[in-house]
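Asks: Protein chains in written order, with the numbering used here: chain A, 2 to 136; chain B, 2 to 136.
Beta carbons are placed, not taken as given, at the ideal position from N, Cα and C, and that holds for glycine.
Keep in mind it's a predicted model, so treat the numbers as computed, not measured.
This structure is in structure tokens; I'll ask about it shortly.
Number of protein chains: 2
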Amino acid sequence: MKPAEILNTHKLKRTSCREGILEVVINAGQPLSENEIRENLPGNYDRTTFYRSFKTLEEHQIIHKIVIDNQLVKYALHNSITHKQDHAHFYCNDCDMVKCLDDIPVQKYQLPDGFSDNETEVIIKGTCPKCKNKD
Amino acid sequence: MKPAEILNTHKLKRTSCREGILEVVINAGQPLSENEIRENLPGNYDRTTFYRSFKTLEEHQIIHKIVIDNQLVKYALHNSITHKQDHAHFYCNDCDMVKCLDDIPVQKYQLPDGFSDNETEVIIKGTCPKCKNKD
DNA sequence: TTATTTTTTGCAACATTATTGCATTTAGAC
DNA sequence: GTCTAAATGCAATAATGTTGCAAAAAATAA
Ligand SMILES: [Mn+2]
Ligand SMILES: [Mn+2]
Ligand SMILES: [Zn+2]
Ligand SMILES: [Zn+2]
């Protein structure tokens, strides 16, 4: 699906920042940091606009962010199939790569009395195949 | 266990910053942010020293941090019983309270081929009992 | 005890990530 | 093409965290 289509589907204005972010993230096929996105965007770049665009795209559940250890944030497209379902994320300690594990639904945890949940985040840290074969 | 004892056990110097952080976190009985810790510390406060003290205490697995949505970080004592075991954390969307769910071990996830894991973080977001009874 | 070495501290500077206010521009509806 | 609500760009500000370095404190050696 193309950026313009996605924006139309959600009745969002087609602005260059929104289209640019989507374009880059779709092409990458994996979660990217703000800097990685910026590096792949042509022309001038405004951080405020990025954050506001992200907020909009997030509210429409088009992209989501993955926070690793505060100070590393990656942005990723929602897989249109699993979409709303909570899924786990993988983080490679060696190369900082983040991967959406769309096929791995998160476990439903039994909370203590009185607590109720509505979202669960799971981040699995380890080594990715690429880094493992680097010895 | 008292701060001084803990530091002695780990053969760490008893400095006022380390003792202060431990004192405050032990008294609170729940994870606190840097600001919440600072507010409960007497005398002058240096952020650099806080971060360096935290690093030391973390390396000795005395306290650990919980990152909620980057921009909210809470620091908590390690439960001496479950200690090294990965445990889930609860975050209240209403009051920002964080709770260590020491009794809830994290599930072992089956990763795709070639990936290996060595640590898993689970954050369950929802409403705490106090906030639920506030209608 | 005194001297030497190591660790910790406090401060300034800097980096990164993120938010707000406001004037200007633009996309899309008419 | 005109109009208007929405989005943008820029400056200012905030929160969180790190680094270098000289001074202070603690541990160790003599
Ligand atoms: Mn994902
Ligand atoms: Mn915990
Ligand atoms: Zn890797
Ligand atoms: Zn609450």
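Does any heavy atom of ligand 4 sit closer than 7 Å to the C-beta of aspartate 95 of chain B?
Replies: yes
Asks: Does ligand 3 have a heavy atom nearer than 7 Å to the CB of lysine 131 of chain A?
Replies: yes
Asks: Looking at ligand 2, does it come within less than 7 Å of histidine 61 of chain B, judged from the CB to the closest heavy atom?
Replies: no
Asks: Using beta carbons (cut-off 8 Å, strictly below), is threonine 128 of chain A in contact with chain B?
Replies: yes
Asks: For proline 4 of chain A, does the three-state DSSP call read helix, strand or coil?
Replies: helix
Asks: Figure out for me which residue from B/Ile7, B/Asn36 and B/Asn45 has the closest Cα to the Cα of isoleucine 27 of chain B.
Replies: Considering only alpha carbons, the answer is B/Ile7.
Asks: Pair every Cβ in the region 48 to 56 of chain B with every Cβ in the region 86 to 104 of chain B, then say whether three or more of these pairs are closer than 8 Å.
Replies: no
Asks: State yes or no: is the beta carbon of threonine 10 of chain A nearer than 8 Å to at least one beta carbon in chain B?
Replies: no
Asks: Just list the residues that DSSP pairs glutamate 24 of chain B with in beta bridges.
Replies: DSSP, once it has assigned bridges, lists no residue as partnering glutamate 24 of chain B.
Asks: Going by the beta-carbon positions, is the gap between isoleucine 105 of chain A and threonine 121 of chain B smaller than 8 Å?
Replies: no
Asks: Is there a C-beta anywhere in chain B that falls below 8 Å from the one on asparagine 71 of chain A?
Replies: yes
Asks: What I want to know is whether the C-beta of alanine 77 of chain A ends up closer than 7 Å to one or more non-hydrogen atoms of ligand 1.
Replies: yes
Asks: If you count every other CB in all the chains shown that lies within 10 Å of the CB of tyrosine 52 of chain B, and 16 or more means buried, which is it?
Replies: exposed
Asks: Hey, would you say the C-beta of isoleucine 105 of chain B is under 7 Å away from at least one heavy atom of ligand 2?
Replies: no
Asks: Exposed or buried, which one is threonine 10 of chain A when buried takes at least 16 other CB atoms within 10 Å?
Replies: exposed
Asks: Here's a check: name, in chain order, each residue in its chain whose Cβ is nearer than 7 Å to the Cβ of cysteine 101 of chain A, leaving out the five neighbours to either side.
Replies: Pro32, Ala77, Asn80, His88 and His90
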